[in-house]
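Chemist: Numbering (the working numbering), first residue to last: 21 to 582.
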């Protein structure tokens, strides 16, 4: 294949044709020559030329006429016009039609060769840009992910077919602000793009349910980044929308045990616990649930009850550590009128209320030795007497006990009866602490965001990447309950769809500060300094400081409050 650049010389003077042909061939061009417009047109039909050198005056017709026709055949051909009678009108028309240059005779060899080389370089650059644009255009329009491009005012600049299908946008929406387009969705993506433009940082929203105006519900993940110019300003933002509906469905099917009886978790230790719960659900033996505070021992007890044949029967809960010994005795076994001061009427105890079902004794390690003896009799005989009464009451109750203490150690110390311990510890079920199943943190976070989104009627969709990093590094002494309270705190303060570090409780941030990456600390501190310094430079004028920083005045107030 011939890779030499191809030139066409069109001139009705043979001597000029010959001279130009020799010069261009010396520079590596392959050259064809034409004397008339008709002859030139025939060449242009047969070949694509890199460079066309045309004399303006060609007898029948002009070089300007040929230039118009060249643009129909090949818009990228570089055309140089030569004339011995220059005039402003022809020069202006030549440049308007896209001529690369306009030369007047006499033309010197070095001059025409220099222009030819520049014209060839320009053509190569234009074609390279067109190739890249064609590649990008093909990627843009054929990508399975939706792509949205907006300007700094959140006006829709470009949208591909996938995004049109996902969001309900159409070509006539181009140029409109996203908030003015009726797409039928809840607006999470639109609001996230606005946050990206405001904060000039990347945001990612994982697995949200959306519904466009066609009414089709989809599960999508969404990420958006600012388009930063060389001067540091944001000229707009680009967003990627990935339809994960089928993936979410498959994961839900595969991980259907990630939510088990109200327990959230897909960690291997949790899966083992679910298997054990299923095995124990219909076995009428006592179960001791061991786990740190906040791990969800009550949920485990509830799952044992509701998964077994006692479901639909009473599930009675007692927090043994919350009551004094006398009150606990009355609560568990009931009392008769006059049994003690204040006992003005008979009372049914929790064991009697749980008859046929399950009683859950939480914090069993805190009961007194005397109470341990009474509880032991219930476990052995399935009967008890109310306080102030000697008549035994028979019950059919399954006992599930829970503690965050080491009962075996308490037995050694003599503070817990060994016979009761062995009665309770027929089967022990250990609930793993959150730090040992950190891979469940994203799942738990998603669950609590959904919970508090409904509770506070806020469209909470995700936590920022920085927040998730902190969650994954924290030791979680308060376990799942601590995570729930932190997300609830953040949900109350959150003003956007995405929970940021600034909305987390200060004591939580301080507790994990030593685990923060240094660059994260520096970025947060530098950001606060920049607002304070801007206000100082603006003489205390917050509106002026906001303009200096390129943010809204509300942002200034919000950042300073944080």
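We put the CB at the ideal spot given by N, CA and C, even for glycine.
Would you mind stating whether residue 476 and residue 507 have Cβ atoms separated by less than 8 Å?
Modeler: no
Chemist: Take residue 166 as the anchor and find which of 195, 155, 183 has the nearest alpha-carbon.
Modeler: 183
Chemist: What does residue 53 pair with, by DSSP beta-bridge criteria?
Modeler: 29
Chemist: Could you pull the start and end residues of the alpha helix (DSSP H) that residue 412 belongs to?
Modeler: Element bounds for residue 412: not the alpha helix (DSSP H) but the beta strand (DSSP E), 412-414.
Chemist: Using the beta-carbon count (16 or more within 10 Å), is residue 502 buried or exposed?
Modeler: buried
Chemist: Hey, how far is the Cα of residue 96 from the Cα of residue 173?
Modeler: Residue 96 and residue 173: Cα-Cα distance of roughly 35 Å.
Chemist: Rounded to whole angstroms, what's the CA-CA distance from residue 378 to residue 302? Just pull it up for me.
Modeler: 12 Å
Chemist: When the Cα atoms are used, what is the spatial distance from residue 130 to residue 249?
Modeler: When rounded, the distance between both Cα atoms is 40 Å.
Chemist: Is residue 369 near residue 358, with beta carbons less than 8 Å apart?
Modeler: no
Chemist: Taking the runs of the alpha helix (DSSP H) that are 4 residues or longer, which of them lie wholly in the segment 59-139?
Modeler: As far as the segment 59-139 is concerned, its whole alpha helix (DSSP H) runs of at least 4 residues are 83-93, 108-116.
Chemist: Can you round the beta-carbon distance between residue 504 and residue 513 to whole angstroms, since I take them to be within the 8 Å contact cut?
Modeler: Contact flag wrong, Cβ pair sits at about 15 Å.
Chemist: Rounded to the nearest angstrom, what separates residue 152 and residue 162 at their Cα positions?
Modeler: 15 Å
Chemist: Does the distance from the C-beta atom of residue 420 to that of residue 307 stay below 8 Å?
Modeler: yes
Chemist: By how many angstroms is the C-alpha of residue 62 removed from the C-alpha of residue 55?
Modeler: 12 Å
Chemist: Under the DSSP definition of a beta bridge, which residues are partnered with residue 310?
Modeler: 423, 450
Chemist: Whose CA, out of 222, 186, 59, lies closest to the CA of residue 238?
Modeler: Taking each of 222, 186, 59 in turn and checking the Cα distance to residue 238, the smallest one comes out for 186.
Chemist: Given a cut-off of 8 Å, decide if residue 352 and residue 338 are closer than it, judged by their beta-carbon atoms.
Modeler: yes
Chemist: Should residue 58 go down as buried or exposed, given a rule of 16 or more other Cβ atoms within 10 Å for buried?
Modeler: exposed
Chemist: Using three-state DSSP, classify residue 152 as helix, strand or coil.
Modeler: helix
Chemist: Report, in whole angstroms, the separation of the C-beta atoms of residue 415 and residue 371, which I expect to be a contact under 8 Å.
Modeler: 6 Å
Chemist: I'd like the span of the alpha helix (DSSP H) that includes residue 213, first residue to last.
Modeler: 208-219
Chemist: DSSP puts residue 237 in a beta bridge; with which residues?
Modeler: Paired residue(s): 231.
Chemist: Give me the DSSP bridge partner(s) of residue 336.
Modeler: 379
Chemist: First and last residue of the beta strand (DSSP E) that includes residue 360?
Modeler: Where residue 360 is concerned, there is no enclosing beta strand (DSSP E), given that its DSSP letter is neither H nor E.
Chemist: What three-state label does DSSP hand residue 387 in the structure shown?
Modeler: coil
Chemist: Looking at the strands, I want to know which residues DSSP matches up with residue 169.
Modeler: For residue 169, which the question treats as bridged, DSSP gives the partners 178, 258.
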